[in-house]
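Report on one structure; see the data block that follows.
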Amino acid sequence: MAEHYLGKLKVDNADFVEIGGTPALEQYDALYRLLSERAGPEVAALFAEPLISRGNDAAPPTVSWYGEGEGRPLESLSGAERARAEAYLADHLRPVRALAEEPGGALAMAALTVYGAEDVMVVGDRPVIVNWGLMPGGKGASVATRPAHYAKTLGKFVPMEAAARPVSEPPKAVATAAAAPVTRVETRRVVTPLAWVPLLILLLLAGGTLAWLLTPGVRLFADDTAPAVTDEALLAATRAETEALNARRDQLEAALAGAVCRADGQLILPGGLTPEGLLPPEPGVQPAERAEAAPDAILPSRSSRVVMPDETSLLARIEASTVMVLASGAGPVSTGSGFVIGPGLIVTNHHVVENALDGAGQVLVTGEALGAPQPAEIVKTQGPLAETGGDFALLRIAETSLPALSVHLPEGSLVLNNVVAAGYPGDVLETDAGFAALRSGDLSAVPGLTVTDGIVNTEQQLSPTTHVLLHSAALSSGNSGGPLLDMCGRLVGVNAFVRQGVMQNRGFALTTGDLMAFLNGTGAAPTVVSEPCAPVVARPDVAVGE
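Per our numbering, the very first residue in the sequence shown carries number 1; after that it's consecutive.
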């Protein structure tokens, strides 16, 4: 991926131009190949590389743009430099325009559909188009309006009716284009002393301003505080996750290559453990009803088989301590997840309750263990994430009997450890009968809790105060604020957001260390443990108490 950040745009979901039901921005690789093969790599390089962030439940998506160098807005250039950039742009857009007019040219036309008329940057001496594949005003699906919109934006460089060269012919470079002979007419201008007066005045003003700025104690500077979490940090985290996934692939391949199947059908991996991380019994010996498993087992045990110290299952513990959070206020009702951290105290994300922070909104908490929604008081918040480095909210409800989760502050790395995420993802709630009944006014209805498992892929620091776990437990909108637990039922992170990938979304959870810093001074005093997890797993035919 290109490494230089060019800018970011906040959009609506309806702004994405889709091809075959998929946003054109998610087909950047296909667009690059198409343009490289049909028009040359210089044409393909016209379009900046996008990175989509679906954000969270309340915030709209954002698109960050990257190129091969530092960019300047085309509109900021003047004179010959701007003329060269515009000529280059017009020359290299023609084959894209021709591709867009061919049958099946929807992807090329999507690339020519930009958000506005100012969406051209100049990197070095070459123009680069950002904010392509988007239509403002939620018109991404409106095919009929794209030609008129193109005429108002990129059409000023290559009008729609302009004849395009065959796309098999690479565009000529502006720098080597042969120009027709031009007859020069030499003229001499006479500069009078009066003409120097404006320049002299400007120099005096500039000198006075500089002297004032250099005088101690008189300057007022704008607040240029950098965001707490930058797009560059998120990009670095995504790259680190890719490396971790490659390492995980190598680990699985090595385990498969070295696995041995015993005569009794038991599969033994290198290291002598079963895929569930259990020590196998001797052949012909009845296995123990319960056994300790490795926390980084290749195949994690089902949460219904993991036994807690109080003889309940891990699944029962999660169900008793995880809640759904609903916040109303300015804008639509926001839904998210949360968990019990102390008697009557619930933790969720700041962005889940953000629209209720103006004092006119309301926050409700519901869940299987509550029986009916309860009003919640917002005790403390930290957010938004990009500005403050945190995304936490602490709520208080009247019910104090729900079991609180213990907090794991690990002394070592959690990479490759098995984890479980719990919450109320929106794509599941869409078909949930309990949620439909709740929306219809049935306060006794409880939406179903969704539990997914995965592993910690990597650990990253996004800012001096922001630490995250990137993990593979499936998340979607609505999981925000929900717990990420190890296989011992201890909290290891607070799910906050996802980054969209080609194959699936990757989850980011804020670490328990950051959570404890947020809870400082609130009166919340969760049980904190640091010992590594050693989950106790029951044999498949042994019932675990609920």
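By construction, the Cβ of each residue, glycine as well, lies at the ideal position given by its N, Cα and C atoms.
The C-alpha of leucine 443 lies about 43 Å from the C-alpha of glutamate 411. In this structure, Ala141 is the residue among Ala141, Met516, Thr465 and Leu256 with its C-alpha nearest to the C-alpha of alanine 14. At the C-beta level, alanine 327 and glycine 359 stay beyond 8 Å of one another. By the Cβ test, the region 80-92 is in contact with the region 34-46, since at least three Cβ pairs between them sit closer than 8 Å. Within 10 angstroms of the beta-carbon of aspartate 427 lie fewer than 16 other beta-carbons, which makes it exposed.
Checking the DSSP bridge columns, you'll see leucine 484 partnered with Ala421 and Gly493. With fewer than three CB-CB distances shorter than 8 Å, the region 381-397 does not count as touching the region 423-441.
8 Å or more divides the Cβ of methionine 308 from the Cβ of threonine 366.
When secondary structure is reduced to three states using DSSP, threonine 153 falls in the coil class, being assigned neither helix nor strand. Our two residues, glycine 478 and alanine 297, have alpha carbons roughly 28 Å apart in a direct line. In the displayed model, threonine 527 falls within coil according to three-state DSSP, outside both helix and strand. Residue environment for cysteine 533: buried (at least 16 other C-beta atoms within 10 angstroms of its C-beta). Between isoleucine 52 and alanine 106, the C-beta spacing is not below 8 Å. For threonine 335, the enclosing beta strand (DSSP E) starts and ends at 334-342.
By a beta-carbon distance limit of 8 Å, leucine 515 does not contact histidine 408. Their separation comes to about 11 Å. Of the candidates Glu377, Asp391 and Met487, Met487 places its Cα closest to the Cα of leucine 416. When the beta-carbon positions are compared, leucine 99 and valine 63 stay at least 8 Å from each other. Residue Phe47 holds the alpha-carbon nearest to the alpha-carbon of methionine 109 among Arg54, Phe47, Glu70 and Thr400.
Aspartate 264 counts as exposed, since fewer than 16 other beta carbons sit within 10 angstroms of its beta carbon. Look at leucine 6 here: in three-state DSSP terms it is strand. Within the same chain, Cβ atoms closer than 6 Å to the Cβ of threonine 527 are found at Ser406, the five residues on either side in sequence being excluded. Per DSSP, reduced to three states, the secondary structure at leucine 510 is strand. It is roughly 43 Å from the alpha-carbon of isoleucine 378 to the alpha-carbon of glutamate 70. If you look at threonine 348, you'll find it in the beta strand (DSSP E) that goes 345-348. Phenylalanine 518 is not bridged by DSSP to any residue. By the CB criterion at 8 Å, valine 114 and tryptophan 132 fall inside the cutoff. Closest in alpha carbon position to alanine 525, among Pro343, Glu118 and Gly271, is Pro343. In this structure, DSSP gives serine 321 a helical state, which the three-state scheme calls helix.
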